[in-house]
Amino acid sequence: MVLVKGGTFTMGDQFGEGSSDEVPVHNVTLRDFYLGKYEVTFEEYDAFCSATGREKTDDRGWGRGLRPVIYVDWYDAVEYCNWRSQKENLGLYYNIDKNRKDPNNQNSNDNKKWTVTINVGAKGYRLPSEAEWEFAAREQGKKVRFGNGRDIIDPSEINFDASDSYKKSYSQTGVYRSKTVPVDELSANSLGLKHMSGNVWEWCADWYDSEYYKNSPAQNPQGPASGSSRVLRGGSWNNNPENCRVANRYRNNPNNRNNNVGFRVARDHQGGYPLAGVGVVQGERPGVCKLDSLPFVLTTCQYRVANTSLGRRGWYLRIFGKNVPPSFISGF
Numbered sequence: 001m002v003l004v005k006g007g008t009f010t011m012g013d014q015f016g017e018g019s020s021d022e023v024p025v026h027n028v029t030l031r032d033f034y035l036g037k038y039e040v041t042f043e044e045y046d047a048f049c050s051a052t053g054r055e056k057t058d059d060r061g062w063g064r065g066l067r068p069v070i071y072v073d074w075y076d077a078v079e080y081c082n083w084r085s086q087k088e089n090l091g092l093y094y095n096i097d098k099n100r101k102d103p104n105n106q107n108s109n110d111n112k113k114w115t116v117t118i119n120v121g122a123k124g125y126r127l128p129s130e131a132e133w134e135f136a137a138r139e140q141g142k143k144v145r146f147g148n149g150r151d152i153i154d155p156s157e158i159n160f161d162a163s164d165s166y167k168k169s170y171s172q173t174g175v176y177r178s179k180t181v182p183v184d185e186l187s188a189n190s191l192g193l194k195h196m197s198g199n200v201w202e203w204c205a206d207w208y209d210s211e212y213y214k215n216s217p218a219q220n221p222q223g224p225a226s227g228s229s230r231v232l233r234g235g236s237w238n239n240n241p242e243n244c245r246v247a248n249r250y251r252n253n254p255n256n257r258n259n260n261v262g263f264r265v266a267r268d269h270q271g272g273y274p275l276a277g278v279g280v281v282q283g284e285r286p287g288v289c290k291l292d293s294l295p296f297v298l299t300t301c302q303y304r305v306a307n308t309s310l311g312r313r314g315w316y317l318r319i320f321g322k323n324v325p326p327s328f329i330s331g332f
């Protein structure tokens, strides 16, 4: 997971080249959140299927493992989020009632219509909001055209249909792979996020409304209260350059499963630090120290200085927080 520091950004078609649902451009302010570095893989989703006794999705013979899972609908995605939250002892973000039809679901072709509500304050896995997705794809809100931080889409960097017939002023032509690629391949943006453009469309939490930008809240928008389709973002392996722009908006029936649709997970920020290397900012006297990157929720920590026979100071830490592994308590 990547910690995406919040801020204010301009959402929508900043280049004046998109569809009518991408305007008006408008300012949005978001709080900090976590977002998956990669799209959820077959390896991860297959573990979910095995644990819950559900049928594994088709891979079309392209391969499983680190390729993004495909043929998952919106309901599959939120169920996966809850399963992963439970597996990691996190509060379930979603309440999923399969026996109650959602009164906010206006889609007559949705044969599920499960009522999915949010457990306020839960810290489990969830789908990103549409605004969060675009903010992260824009490298924390920059004016960029594609999800790897570039304004020209290149098939050596992004998995899309680079056929000559789809050539744009902002695209290069070349290989059309005609299938997904493993999530750890091709280029990342400056946040370390991969495939924010291309590979597979990604489900967002929001209902879709083509007019939503005309009255979207400025603070942490969560999408319309009702709708008939859910938002998809990012484009896919079989989409043209226009569809892969970070401003492009798309949608799908919540119960549709397609070979070019997957998802990535998000989480609310808890005041801790994301999983990365451990970095210690050392001081000159006992007190409170700061740790830059930890795989648990940090409240605070203390250090003390001890002289060693080599004449160097040793740093011994006492860490206070939630779910701190014993290996971190004794020091570094």
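Its first residue numbered 1, the sequence shown is counted upward by one per residue in this note's numbering. Glycine included, every Cβ here is placed at the ideal spot set by N, Cα and C. None of the values given here were measured: they were computed from a predicted structure.
Label A131 either buried or exposed according to how many other C-beta atoms from any shown protein chain fall within 10 Å of its C-beta, with 16 as the threshold for buried. buried
Query raised in the report: What are the residues that DSSP puts in a beta bridge with I96?
Result: V116
* Asked: Any beta-carbon of chain C closer than 9 Å to the one on G6?
  -> Although the question refers to chain C, the structure presented lacks it and comprises just one protein chain.
### Message
Could you compute how far the alpha carbon of W62 sits from the alpha carbon of Q106?
### Response
35 Å
**Member of K5, P241 and V72 whose CA lies at the smallest distance from the CA of M196** = P241
When we look at the beta-carbon of E202 and count the other beta-carbons within 10 Å, is it buried (16 or more) or exposed?
buried
>> Applying the 10 Å Cβ sphere with the 16-neighbour rule, what's the burial state of I118?
In response: exposed
I need the DSSP call for A162, collapsed to helix, strand or coil. coil
Review point. Would I337 be called buried (16 or more neighbouring beta carbons within 10 Å of its own) or exposed?
Key: Not covered by the structure: residue 337. The range shown for the chain is 1 to 332.
* Asked: Considering only residues of the stretch 200-286, which uninterrupted beta strand (DSSP E) runs meet the minimum length of 3 residues and lie entirely inside it, listed in chain order?
  -> 201-207, 230-233, 250-252 and 266-268
| Would N252 pass as a contact of W237 if the rule is Cβ separation under 9 Å? | no
- By the 10 Å Cβ neighbour count, where 16 or more other Cβ atoms means buried, how is V120 classified, buried or exposed? exposed
key: Cutoff 6 Å; reference S187; Cβ partners in own chain excluding five residues on either side   = N148 and E157
Could you give the DSSP three-state label for K123: helix, strand or coil? coil
| task | Using only alpha-carbon positions, find the residue among L3, D151, D184 and E139 that is nearest to S171. | result | D151
Beta-carbon separation of R249 and S85 under 9 Å? no
message = For F48 and Y93, which I take to be in contact (beta-carbon distance under 8 Å), what is that distance rounded to the nearest angstrom?
response = At roughly 15 Å, the Cβ-Cβ gap does not stay under 8 Å, so F48 and Y93 are not in contact.
Looking only at its own chain, which residues have a Cβ that is under 7 Å from the Cβ of L338, when we skip the five neighbours before and after it? Any answer about residue 338 is impossible in this case: the structure gives the chain only from 1 up to 332.
- Message: Can you tell me whether F135 is helix, strand or coil according to DSSP?
- Response: helix
Requested in this report: Go ahead and label S216 buried or exposed: buried means 16 or more other beta carbons lie within 10 angstroms of its beta carbon, across all protein chains shown.
Outcome: buried
ask   = Going by beta carbon distance, what residues of the same chain come within less than 7 Å of K113, once the five residues before and after it are set aside?
value = K101, D102 and N105
Q) Expressed to the nearest angstrom, what Euclidean distance is found between the alpha-carbon atoms of N95 and Y75? A) 12 Å
The stretch 123-138 touching the stretch 227-235, judged by at least three CB pairs closer than 8 Å = yes
**Asked** Below 8 Å, can you find three or more Cβ-Cβ pairs linking the stretch 158-178 to the stretch 207-224?
**Response** no
Using the C-alpha atoms, what's the distance from T10 back to K179? 32 Å
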